[in-house]
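There are 2 protein chains.
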Amino acid sequence: VKGKKGYMVRAELSFDEVDIDEFVGLILPGGKGPEHIRNIPKVTEIVRRMHEAGKPIAAICHGPQILISANLLGGKRVTCYHGIRDDVKAAGAEYLDMEVVVDDKLVTSRVPDDLPYMMKEFIRLLK
Amino acid sequence: VKGKKGYMVRAELSFDEVDIDEFVGLILPGGKGPEHIRNIPKVTEIVRRMHEAGKPIAAICHGPQILISANLLGGKRVTCYHGIRDDVKAAGAEYLDMEVVVDDKLVTSRVPDDLPYMMKEFIRLLK
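One line per chain: the protein sequences are A and B, in this order. This note's numbering puts the first residue of the first sequence at 15, with every later residue one more than the last. This note's numbering puts the first residue of the second sequence at 15, with every later residue one more than the last.
Next comes the structure, spelled out in structure tokens:
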């Protein structure tokens, strides 16, 4: 997988190979990826099952688009990239313009500069 | 304004200079533009006032993101780029996977290949 600035990451599992029991948390990065994978049933299934298992989920920038598709935003307090602010609101979430928003096990941030804030809260929930 | 493939278009008016009485219809193109302008109050005001004036509005690809921000999709039948399908649904619309969907004065399409279908319906509504 090639990032926006050229950084390469090797995908070690296909979505179908994911066993949620092997993971303690989930991070949904942003960029163009969320739009490309949010309609894949296995993707939203992984997200929903991680959520139901009480495991922390972090989403940043466009990452919350996947949370919309997984139907997880109703009544939740979240933040996201400002360009999809009205989408998370339409999905029933309360949007807050903050570096990081934590609602139960859901950790959301707006832009890459917010990453330190997001990771601090995400790691706190993993403990 | 420079398009995705390098084509240049001269913007002749700023949003603040738009007088909706001078226009018979509105087309909302897709791409990255909608995310950049959907949070500008004047943009959603133009769209809402055109709609209230009974003038046809066409939106393609990511264009419907602006319709979400303008709160115009509740109960409407629409289509859009598949990557924002769940956003138009969350906004209360019924999503249809068709070249073009017409609901009252709202004309929507999915991708550039649908443009001939969209324009035919849009022009029909202008007559």
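Backbone N, C-alpha and C define an ideal beta-carbon position, used for all residues, glycine too.
- In this structure, the alpha-carbon of I74 of chain A lies about 12 Å from that of G47 of chain A.
- Among the residues of chain B, those whose CB is under 7 Å from the CB of D100 of chain A are R52, I82, S83, following chain order.
- Judged by their CB atoms, Y109 of chain A and R99 of chain A are nearer to each other than the 7 Å cut-off.
- For S123 of chain B, the enclosing beta strand (DSSP E) has its first and last residue at 120-123.
- Approximately 12 Å separates the beta-carbon atoms of I41 of chain B and I60 of chain B; this is outside 8 Å, ruling out the contact.
- Exclusion of the five residues before and after K56 of chain B leaves F29, D30 as the residues of its chain whose Cβ lies within less than 7 Å of its Cβ.
- In the assembly as shown, E26 of chain B is an exposed residue. Its beta-carbon has fewer than 16 other beta-carbons within 10 Å.
- Apart from the 5 residues on each side of it in sequence, K69 of chain B sits with its Cβ closer than 8 Å to the Cβ of I34, F37, V38, G39, L40, K119 in its chain, given in chain order.
- Under the criterion of beta carbons closer than 8 Å, V92 of chain A and A107 of chain A qualify as touching, at roughly 5 Å.
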